[in-house]
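Residue numbers (the numbering used here): 7 to 365. Just below is one structure, and these are the notes that go with it.
Structure below.
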């Protein structure tokens, strides 16, 4: 918090009427009087937003940018106490100048269900006299914002751009898939999305942590529908996982038994067949060949029931000459004792039943 020192050399803490409390106060620094502008009136804090009461609008929806006017002069830096309350889930927010539209990976305050955790943020006042709160895409939340004071433009040097300087979580992006020149997805320790070709990455918090996989891939069917496949092996052990997003990477969920994607063919616009393998936790050293089909552009998948192979194995590639006939590479046997063959799939009923023609 920041407060102007009174004529008696003191500042005051105002406790609300709700409870007794102990107080610990540490002085961090002080600003010269000529470097800031006190708020109108007695110079005390000014509430500029309380969406619970309709001040600065209604409750914020996920991903919303809400701007509001503040005391001060455009170019000054406003010091604001931000308090997110009543959140529907975990999320975060950041305060910026109204000149900033796209927010990079920065935040000023975190929130979750039941939390009331304020934090102080600074932002340059835009030419329209406003600053903006950027709500993350994760949850609805109400916002209470109190202006403490403003710092004069000539006493403050803004950073050339917003950026995160330290994140000890050690973000890892092992595999990247770009759907367009600007929209990209990545997976590593978690899932990420970029809307500027990979310059700035935003974290999806729907999956807390991804294990490290030796082989992984992301395949996108359009800008919002993608599937991730991860596979690891160590000696004679192997296992994998598969996740999918239908909303542009905001939420990822685990799906299907096809864990290791080795090949994908799309003989028609919305029809794709994926092949690979899966394993289980009981026999980690044994993998089983697997295939799945989608006929709605990747939104839903169903497993293709394959006739039993001559032993454990995996499918490592696929090409389709038509919507009803595909050829795949089959590797049969345990790790270190494998035989590679070609097999041909045929189906005349939309892949509900499959005939496998061994060469």
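Backbone N, C-alpha and C fix where the C-beta goes; we use that ideal spot for every residue, glycine too.
Open item on the list: Quick check on DSSP: helix, strand or coil for residue 180?
Closed with: The residue labelled residue 180 in the question sits at position 174 within the chain shown. Here residue 180 carries a strand assignment [DSSP, helix/strand/coil].
Open item on the list: If the criterion is Cβ atoms closer than 9 Å, does the pair residue 52 and residue 136 meet it?
Closed with: Counted from its first residue, the chain shown places residue 52 at position 46. Counted from its first residue, the chain shown places residue 136 at position 130. Going by C-beta atoms, residue 52 is not nearer than 9 Å to residue 136.
Open item on the list: I need the straight-line Cα distance from residue 321 to residue 116, nearest angstrom please.
Closed with: By one-based count along the chain shown, residue 321 stands at place 315. By one-based count along the chain shown, residue 116 stands at place 110. Roughly 45 Å between the two C-alpha positions.
TODO: Look up residue 164 in the DSSP assignment and say whether it is helix, strand or coil.
DONE: One-based indexing of the chain shown puts residue 164 at position 158. Residue state, collapsed to three classes: coil.
Open item on the list: If I follow the unbroken beta strand (DSSP E) through residue 98, where does it start and stop?
Closed with: Residue mapping note: residue 98 aligns to position 92 of the chain shown, counting from 1. Where residue 98 is concerned, the enclosing beta strand (DSSP E) stretches over 97-103.
- [ ] Using a threshold of 9 Å, state whether the C-beta atoms of residue 73 and residue 104 are closer than that.
- [x] For the purposes of this step, residue 73 is taken as residue 67 along the chain shown, with counting starting at 1. For the purposes of this step, residue 104 is taken as residue 98 along the chain shown, with counting starting at 1. Going by C-beta atoms, residue 73 is nearer than 9 Å to residue 104.
Open item on the list: Just verifying my parser: in three-state terms, what is the DSSP assignment at residue 16?
Closed with: Within the chain shown, numbered from 1, the residue matching residue 16 stands at position 10. Coil, per DSSP.
- [ ] Pick helix, strand or coil for residue 40, following the three-state DSSP scheme.
- [x] To locate residue 40, count along the chain shown from 1; it is residue 34. The answer is helix: DSSP assigns residue 40 an H, G or I state.
Task: residue 356 CB to nearest heavy atom of the ligand GTP below 8 Å - done: With respect to the ligand GTP, the structure offers nothing, as it holds no ligand at all.
Open item on the list: Distance check for residue 280 and residue 336, CA to CA, integer angstroms please.
Closed with: If you number the chain shown from 1, residue 336 lands on position 330. If you number the chain shown from 1, residue 280 lands on position 274. Residue 336 and residue 280: Cα-Cα distance of roughly 13 Å.
Open item on the list: Give me, in chain order, the residues of the same chain whose beta-carbon lies closer than 6 Å to that of residue 287; leave out the 5 immediate sequence neighbours on both sides.
Closed with: Here the question's residue 287 lines up with position 281 in the chain shown. For residue 287, the predicted model reports a pLDDT of 46, less than 50, meaning its position is unreliable; a value from the coordinates is still stated below. Same-chain partners within the cutoff: there are none.
TODO: Flag this pair as touching only if the stretch 44-60 and the stretch 143-159 have three or more C-beta atom pairs under 8 Å; answer yes or no.
DONE: yes
Open item on the list: At the level of alpha carbons, what is the spacing between residue 16 and residue 10?
Closed with: Counted from its first residue, the chain shown places residue 16 at position 10. Counted from its first residue, the chain shown places residue 10 at position 4. Distance between the alpha carbons of residue 16 and residue 10 is about 9 Å.
Task: Proximal residues to residue 67 (C-beta, below 6 Å), its chain only, five neighbours per side dropped - done: Residue 67 sits at position 61 when you count from the first residue of the chain shown. Taken in chain order, the residues that qualify are 146.
TODO: Go ahead and pull the three-state DSSP assignment for residue 25.
DONE: Within the chain shown, residue 25 is the residue found at index 19, counting from 1. Three-state result, residue 25: coil.
- [ ] Would you mind reading off the limits of the beta strand (DSSP E) that contains residue 154?
- [x] If you number the chain shown from 1, residue 154 lands on position 148. Here the beta strand (DSSP E) through residue 154 covers 148-157.
Open item on the list: Only counting the same chain, and skipping five residues up and downstream in sequence, which positions put a Cβ closer than 7 Å to that of residue 276?
Closed with: Against the chain shown, residue 276 aligns to sequence position 270. Closer than 7 Å at Cβ, skipping near neighbours: 301, 302 and 303.
TODO: With DSSP as the reference, label residue 136 as helix, strand or coil.
DONE: Taking the chain shown and counting its residues from 1, one reaches residue 136 at position 130. In this structure, residue 136 counts as strand in the three-state DSSP scheme.
- [ ] Specify, as a first and last residue, the run of the beta strand (DSSP E) that residue 193 falls within.
- [x] Residue numbering aside, residue 193 sits at position 187 when the chain shown is read from its first letter. Looking at the DSSP string, the run of the beta strand (DSSP E) that includes residue 193 is 190-194.
Open item on the list: Assuming contact is defined by CB atoms lying nearer than 9 Å, are residue 261 and residue 249 in contact in what I supplied?
Closed with: For this step, residue 261 is matched to residue 255 along the chain shown. For this step, residue 249 is matched to residue 243 along the chain shown. Closer than 9 Å, so yes.
Task: 8 Å Cβ shell around residue 170 - same chain, five flanking residues per side excluded - done: Walking along the chain shown from the start, residue 170 turns up at place 164. Cβ neighbours of residue 170 beyond the five flanking positions: 110, 111 and 112.
Task: Contact the stretch 122-135 vs the stretch 177-197: 3+ CB pairs below 8 Å - done: no
- [ ] Assign residue 329 to one of three DSSP states: helix, strand, or coil.
- [x] The count along the chain shown starts at 1 and reaches residue 329 at position 323. Residue state, collapsed to three classes: coil.
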